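**Student:** Residue numbers (our numbering): 102 to 417.
(1) Could you check what DSSP says for residue 159 in three-state terms: helix, strand or coil?
(2) Less than 9 Å between the C-beta atoms of residue 254 and residue 195, yes or no?
(3) Is there contact between the stretch 137-157 and the stretch 272-292, where contact requires at least three CB pairs shorter than 8 Å?
(4) Would you mind reading off the limits of the alpha helix (DSSP H) that contains residue 402?
(5) Please determine if the stretch 227-241 and the stretch 118-127 are in contact, where contact requires at least 3 C-beta pairs separated by less than 8 Å.
(6) So for residue 286, helix, strand or coil by DSSP?
(7) Determine, using beta carbons only, whether residue 188 and residue 298 come nearer to each other than 9 Å.
(8) Any contact of the stretch 106-114 with the stretch 305-316, i.e. 3+ C-beta pairs under 8 Å?
(9) According to DSSP, simplified to helix, strand and coil, what is residue 199?
(10) Taking the alpha carbon of residue 338 as the point to measure from, which residue in 328, 327 and 350 has its own alpha carbon closest?
(11) Looking only at its own chain, which residues have a Cβ that is under 6 Å from the Cβ of residue 346, when we skip the five neighbours before and after it?
(12) Looking at the structure shown, is residue 133 part of a helix, part of a strand, or coil, going by DSSP?
(13) Report buried or exposed for residue 326, applying the criterion of at least 16 other Cβ atoms within 10 angstroms of its Cβ.
(14) If you measure between the beta carbons of residue 385 and residue 321, is that distance less than 9 Å?
(15) State whether the stretch 178-193 contacts the stretch 125-137, with contact taken as three or more CB pairs (one from each stretch) at a distance under 8 Å.
(16) In the DSSP assignment, what are the bridge partners of residue 193?
(17) Give the range of the alpha helix (DSSP H) segment to which residue 231 is assigned.
(18) How is the beta strand (DSSP E) around residue 296 delimited, first residue to last?
(19) Classify residue 73: buried if its beta carbon has 16 or more other beta carbons within 10 angstroms, exposed otherwise.
See the structure below:
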């Protein structure tokens, strides 16, 4: 059973908004673009693993939770958690292409691309050890003593794996079904664990990651961002106000609420609240009355009065 389904990484919408509004000549554009690509690849890999487990959960007694974040007693962020009748299995997903060498003296993950480029990363075992330690410590707070183990999963066949025997199994995604069936068979002699209690503890104490506005995170001056309201259909042109709607001169689409995306961009990139003057600048609107109307329509909460009114954008 999928108790916590796949959900995209919290930073993805902000990174996409940043790439769209940050000029390609900006010194940090390449860095942000690479981080967006890595996060999208990681998300896609985890989504495929969850899909594989969804099929498996119809025949096996397992609970599956995606993206669990705990802050006490040790901060950990778990890609996928599988609760079996006998233990908890933490899955560390690695969507990475190329020739992958998992070395143990010292522990490193080495990637070699087709063009010969070589990159060295932390061995995923090191991460898994920290996650398992953190999860065991979490359960001890509630006097729950259960076995916690881990596996490393490469979701796609674009990785050629060379593996020195280590602490945790290394699998391709298609091997998950066989591995978990075997794992359950091998542990039948053990006592069962309170699956529902464990799942409820994780769900109750999970705290979704709340990224700070990305201009602050990357130390980018908000003035470096493109102003204006972009078409939500083609994402190419800035829209023009016509009567009571917005019109895109590129795809000829009308959209009464095109400003919603622009205000969400502001919230993700700059601040969760905005006043009329700042909104006029960011939305590139000359009419302050129109600016006030779109803010009042979009925001569910405001504070202050007259020229000192701020509209809250988060949660809309």
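Ideal Cβ positions, reconstructed from N, Cα and C, are used throughout, including at glycine.
Remember, it's a predicted structure, so these values are computed and weren't measured experimentally.
**Tutor:** According to the structure data:
(1) coil
(2) yes
(3) yes
(4) Counting along the chain, residue 402 falls outside any alpha helix (DSSP H), though it belongs to the beta strand (DSSP E) covering 402-404.
(5) Contact between the stretch 227-241 and the stretch 118-127 is absent, because fewer than three Cβ pairs lie under 8 Å.
(6) helix
(7) no
(8) yes
(9) strand
(10) Checking every option, the nearest Cα to that of residue 338 belongs to 350.
(11) 355 and 357
(12) The answer is helix: DSSP assigns residue 133 an H, G or I state.
(13) buried
(14) no
(15) In short, these stretches do not touch, since the Cβ pair count stays below three.
(16) 253
(17) Taken as a continuous stretch (DSSP letters only), the alpha helix (DSSP H) holding residue 231 covers 225-241.
(18) Premise fails: residue 296 lies in the alpha helix (DSSP H), 296-306, not in any beta strand (DSSP E).
(19) Nothing can be reported for residue 73, as the shown portion of the chain is limited to 102 through 417.
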